[in-house]
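Shown next, in C-alpha cells, is the structure this report addresses.
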Amino acid sequence: MTAQPVTTQQSSTPADVPATVRASLSPSRAADFKTCPLLYRFRSIDRLPERPTVEQARGTLVHAVLERLFDLPATGRTPAAAGDLVGPQWDRLVTEQPELAALFADGDSPAAAEFLRSAAALLEGYFAVEDPRRLEPAERESLISAVVDEELLIRGYVDRLDVAPDGALRVVDYKTGGAPREAFEARALFQLKFYALVLWRTRGVVPRVLRLLYLKDAEVCDYAPDADELLRFERTVVALWRAIEQATAQQDFRPRPSRLCDWCSHQALCPTYGGTPPPFPTLAAPDPLRDARSHPTPPGADE
Ligand code: SF4
Numbered sequence: 001m002t003a004q005p006v007t008t009q010q011s012s013t014p015a016d017v018p019a020t021v022r023a024s025l026s027p028s029r030a031a032d033f034k035t036c037p038l039l040y041r042f043r044s045i046d047r048l049p050e051r052p053t054v055e056q057a058r059g060t061l062v063h064a065v066l067e068r069l070f071d072l073p074a075t076g077r078t079p080a081a082a083g084d085l086v087g088p089q090w091d092r093l094v095t096e097q098p099e100l101a102a103l104f105a106d107g108d109s110p111a112a113a114e115f116l117r118s119a120a121a122l123l124e125g126y127f128a129v130e131d132p133r134r135l136e137p138a139e140r141e142s143l144i145s146a147v148v149d150e151e152l153l154i155r156g157y158v159d160r161l162d163v164a165p166d167g168a169l170r171v172v173d174y175k176t177g178g179a180p181r182e183a184f185e186a187r188a189l190f191q192l193k194f195y196a197l198v199l200w201r202t203r204g205v206v207p208r209v210l211r212l213l214y215l216k217d218a219e220v221c222d223y224a225p226d227a228d229e230l231l232r233f234e235r236t237v238v239a240l241w242r243a244i245e246q247a248t249a250q251q252d253f254r255p256r257p258s259r260l261c262d263w264c265s266h267q268a269l270c271p272t273y274g275g276t277p278p279p280f281p282t283l284a285a286p287d288p289l290r291d292a293r294s295h296p297t298p299p300g301a302d303e
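With UniProt numbering, the residue at position 69 of the sequence shown is 69, and numbering never jumps.
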C-alpha cells in the first residue's frame, strides 16, 4: 500500500490530484458509511438537503470564534475578547450562509440572544481547559489531503494543528455538541485518526497527540497513535472505500439503526422508521472526484 502527498495547506484543487486518483473521501462521509450505509447514501449520493440545527450552528460559530481568537496578539486572547467575537462572527456567518438566519425566524430575538449566550458558555469551557495566550497554532481550519492506495484522495479540515519546537505534531479538534459524548466518541476518534494518517503520509511524522477538546464538559481527551496503528487504519479506510464502491454498484445501502438515529435528519425516508428512500439516482456521468471539487464538511458542522 502506497501513499502520495498532495497538499497540507489551504487548498486542494483537482489540478493537484494525481491522474491515478479515482475517488475522494472525507472523514465525515467515511464515518457516515461506517455508522449507517443508508445515511451515507442520503448524504453523499442522493445529496438530500439537511437544514442546519441550532446545535450545528452553535458549533460552527464557536469554531469561527476560536479560529479568529488566534488572530489576536497572544496577550489579548482572553475570555472577554472571545466573548466580544461572538456577535460579529455570528453576523458574518449569517451573511455567508443565509439559511442560518432561518433558525431564529419571526424575529425570535430572545431565542437568538440565548443562542449567543450558549455559544459564549461553550467558550468558557474552552478557557477552562486551555490558555490560548500560551499557544501559537501552526495552522487553523486547514484543509489537508493525501492519496492512499494510489487511487483514493482522503481529505478534511483540521480545526487546529500545533507544532512543538522539536517538530512534534498535535492535532486538535473542538467538540461542541450537547449530545451524550459516548454516542459520538468513536466517530470523533475516527476523524482524528483520519487526519493523523494524512499528516503522516504527507509529512512523514506520526502526530504525537490527537486531542479532543469537549467544550461543554470542559474536558480533554488525548490519544497517542503509532505508525502500526495508522497503517492498519489506512487499510480500514481503503476497505471502507471499496465497500462504498460495491454498495454503489449494487445500489444497496442498508439502514443500520443506532443511538445516532436520534440525530439523523432523514428518519422520514428510512425503512427503520417506516419510510421509503427515494429512487436511486441515475449516475449518468459518474464523477468520482466530485467531492474533491467541493469542500468537505467544514469545521463545526459535524458535531
Ligand atoms: S434513521 Fe438511523 S438507520 Fe435510518 S438512515 Fe438515519 S442513521 Fe440510518
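For glycine and all other residues, C-beta sits at the position ideal for the given N, C-alpha and C.
Where the beta strand (DSSP E) containing D173 begins and where it ends: For this step, residue 173 is matched to residue 173 along the sequence shown. Run containing D173: L169 to K175, per the beta strand (DSSP E) assignment.
Could you check what DSSP says for V220 in three-state terms: helix, strand or coil? For the purposes of this step, residue 220 is identified with residue 220 of the sequence shown, where counting begins at 1. Note: V220 maps to strand in three-state DSSP.
Considering only heavy atoms of the ligand SF4, list every residue whose Cβ is less than 7 Å from one of them, following chain order. For the ligand SF4, the selected residues are T35, C36, L38, L39, F42, P255, R256, P257, S258, L260, C261, C264, H266, Q267, C270, T272 and Y273.
Spatial neighbours of L48 within its chain, please: C-beta separation below 7 Å, excluding the five flanking residues on both sides. To locate residue 48, count along the sequence shown from 1; it is residue 48. Excluding sequence positions up to five before and after L48, its CB lies within less than 7 Å of the CB of F42 and H266, all in the same chain and listed in chain order.
Buried or exposed: which applies to P279, given that a residue is buried once 16 or more other Cβ atoms fall within 10 Å of its Cβ? Translated into positions along the sequence shown, residue 279 becomes position 279. When all chains shown are included, P279 counts as exposed.
Is the beta carbon of R203 closer than 8 Å to that of V171? For the purposes of this step, residue 171 is taken as residue 171 along the sequence shown, with counting starting at 1. For the purposes of this step, residue 203 is taken as residue 203 along the sequence shown, with counting starting at 1. No. Outside cutoff.
Drop a sphere of 10 angstroms on the beta-carbon of residue 341, count the other beta-carbons inside from all chains shown, and report buried for 16 or more, exposed for fewer. The requested residue 341 is not part of the displayed model; the chain covers only 1 to 303.
Could you tell me the alpha carbon to alpha carbon distance between P18 and A196, rounded to whole angstroms? The sequence position of residue 18 within the sequence shown is 18, counting from 1. The sequence position of residue 196 within the sequence shown is 196, counting from 1. Cα to Cα, the separation comes out at about 21 Å.
Once DSSP output is grouped into helix, strand and coil, what is the label at T20? Counting from 1 along the sequence shown, the entry for residue 20 is found at position 20. DSSP places T20 in coil when its eight states are reduced to three.
Taking the alpha-carbon positions, what's the D159 to F127 distance? Stepping through the sequence shown from its first residue, residue 159 is reached at position 159. Stepping through the sequence shown from its first residue, residue 127 is reached at position 127. Roughly 16 Å between the two C-alpha positions.
By alpha-carbon positions, which one of A111, S109, L103 and L116 ends up nearest to P88? Along the sequence shown, one-based indexing puts residue 88 at 88. It is L116 whose Cα lies nearest to the Cα of P88.
Assess contact between the region 51 to 71 and the region 140 to 153, defined as three or more Cβ pairs (one per stretch) separated by less than 8 Å. Is contact present? As far as the Cβ criterion goes, the region 51 to 71 touches the region 140 to 153, which means the pair count is three or higher.
Length of the line joining the Cα atoms of T75 and D84: The residue given as residue 75 occupies position 75 in the sequence shown. The residue given as residue 84 occupies position 84 in the sequence shown. Taking the Cα positions, T75 is about 15 Å away from D84.
Given this structure, state the Cα-to-Cα distance separating V21 from V238, to the nearest angstrom. Here residue 21 corresponds to residue number 21 of the sequence shown, with the count starting at 1. Here residue 238 corresponds to residue number 238 of the sequence shown, with the count starting at 1. Cα to Cα, V21 sits roughly 13 Å from V238.
Residue closest to F221, alpha-carbon to alpha-carbon, out of P132, P79, T95 and D173: Residue mapping note: residue 221 aligns to position 221 of the sequence shown, counting from 1. The sequence shown places Cys at residue 221, not Phe. Cα-wise, what sits closest to C221 is D173.
Cross-strand partners of D162 (DSSP beta bridge): For this step, residue 162 is matched to residue 162 along the sequence shown. In the DSSP secondary-structure assignment, D162 is bridged to R170.
Suppose you measure from the CA of S28 to the CA of G59; what does that come to, to the nearest Å? Position 28 of the sequence shown holds residue 28. Position 59 of the sequence shown holds residue 59. Cα to Cα, S28 sits roughly 15 Å from G59.
Could you check whether I154 and V206 sit closer than 8 Å to each other, using their CB atoms as the reference points? As a first step, residue 206 must be located in the sequence shown, where it is residue number 206. As a first step, residue 154 must be located in the sequence shown, where it is residue number 154. Cβ atoms of V206 and I154: not closer than 8 Å.
Who pairs with Y214 in a beta bridge, going by DSSP? As a position in the sequence shown, residue 214 is number 214, starting the count at 1. When beta bridges are read from the DSSP output, Y214 appears opposite K175 and E219.
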